[in-house]
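Going by my numbering, the first residue of the sequence shown is number 3, and it counts up by one from there.
For glycine and all other residues, C-beta sits at the position ideal for the given N, C-alpha and C.
Predicted model only: the values in this text are computed from it and were never measured.
Okay, so here's the structure we're looking at.
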Amino acid sequence: MVSEKNRSQLNRYISATILVNLFCLFINGYPADLGFWENWSHQLEKNGYYLFHGNYPPLYIHWLYIVSKLLHQFNLPLEPNDLCKFLWEIPVLISHCLLVTIVFKNLQKANADSTKSLCVMLFTVFNPAILVDGPVWGQVDLLPTVIAVSAVLLHFSNRYCVLMLPAFTLALLTKFQMLCFLPVIGILFLHRFKPHLIGILLSIIVFLVVFSPFIYVHYFGAAFKAAYIETLGQYPVITMNAANLWILLVGNNAP
């Protein structure tokens, strides 16, 4: 049971996370990616899921669909302005808050001393890689990453172990780069084989549910190909302007 003191500390960290994300949203983002969100939202607002031309897995596309309909309902412009950037980045803000909660609870579980706990929590809240990639740049990598990390943690729960593979499937349905977690998931699968067999069946259900709007409009094949086949050639050669050492050493579009 979480003590009142711990709950108060966690609330302060989450409040700081929300504030720093909101502040970073007002910094100019990366025009190309914001342009993708704008273009895809226009497509979804006009035609729905049919003939959707985008190279993303479906989960975040569903969020763009909701945003496009919301803006249309209130007759607001759909363009890379501060309001749209905020709406497009809401899943990232929620994911950052979830990450802060996960890290905090695991520090408490490990009985970390107060100094270590403070340092780790501050680095989680104010991590420059998270903030530059998300609310500043406008990307959404934190969303599938937190889902994938949650999948790993679910493996160690006796009650929810069976949800590891469905959660990992959800991460792949958000961004295919989450394949980088596959070696870890594979080892954990072999570690607790029987419950994860049930997880395979649940993963199939998750896959069908998340892709169901595309299946309903008979556009599943094209959407799947665009998200999971046509983009594969990009992964080994581009860092896509990410804030990491690789781009400093060799540039953006390099092996």
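- Remark: C-beta atoms of L172 and L61 approach each other more closely than 8 Å.
- Our two residues, V134 and L36, have alpha carbons roughly 14 Å apart in a direct line.
- Only buried fits D143, as 16 or more other CB atoms lie within 10 angstroms of its CB.
- The three-state reading of DSSP puts F158 in coil, since its state is none of H, G, I, E or B.
- Assignment of Q45 by DSSP, reduced to helix, strand and coil, places it in the helix class.
- No residue range can be given for F128, since it is assigned to no alpha helix (DSSP H) and is classified by DSSP as neither H nor E.
- DSSP places C26 inside the alpha helix (DSSP H), whose first and last residues are E6 to L27.
- When the Cα atoms are used, F25 and L80 turn out to be separated by approximately 21 Å.
- For A173, the enclosing alpha helix (DSSP H) covers residues M166 to L174.
- M123 and Y15 do touch by the CB rule: their CB atoms are close to 5 Å apart, below 8 Å.
- In the DSSP assignment, E91 falls within the alpha helix (DSSP H) that extends over D84 to K111.
- By the beta-carbon neighbour count (other beta carbons within 10 angstroms, threshold 16), Q141 is buried.
- Approximately 5 Å separates the beta-carbon atoms of V148 and L101; this is inside 8 Å, confirming the contact.
- Pairing T19 with C99 gives a Cβ-Cβ distance under 8 Å.
- Beta-carbon to beta-carbon, H198 and F191 are separated by about 5 Å, close enough to satisfy the 8 Å threshold.
- Taking one beta carbon from each stretch, the region 43 to 60 and the region 4 to 13 have fewer than 3 pairs nearer than 8 Å; the two do not touch.
- Taking F158 as reference, the option from F216, V138 and V186 with the minimal CA-CA separation is V186.
- Burial state of I231 is exposed, judged by a 10 Å Cβ sphere holding fewer than 16 other Cβ atoms.
- Measuring C-alpha to C-alpha distances from A224 to each of Y51, N41 and V151 identifies Y51 as the nearest.
- Counting only the Cα atoms, I132 lies some 16 Å from F88.
- The closest CA to that of F226, considering only V252, L174, V154 and K107, is found on L174.
- The straight-line gap separating the alpha-carbon atoms of Y218 and S43 is approximately 19 Å.
- The C-alpha of I29 is placed about 32 Å away from the C-alpha of A169.
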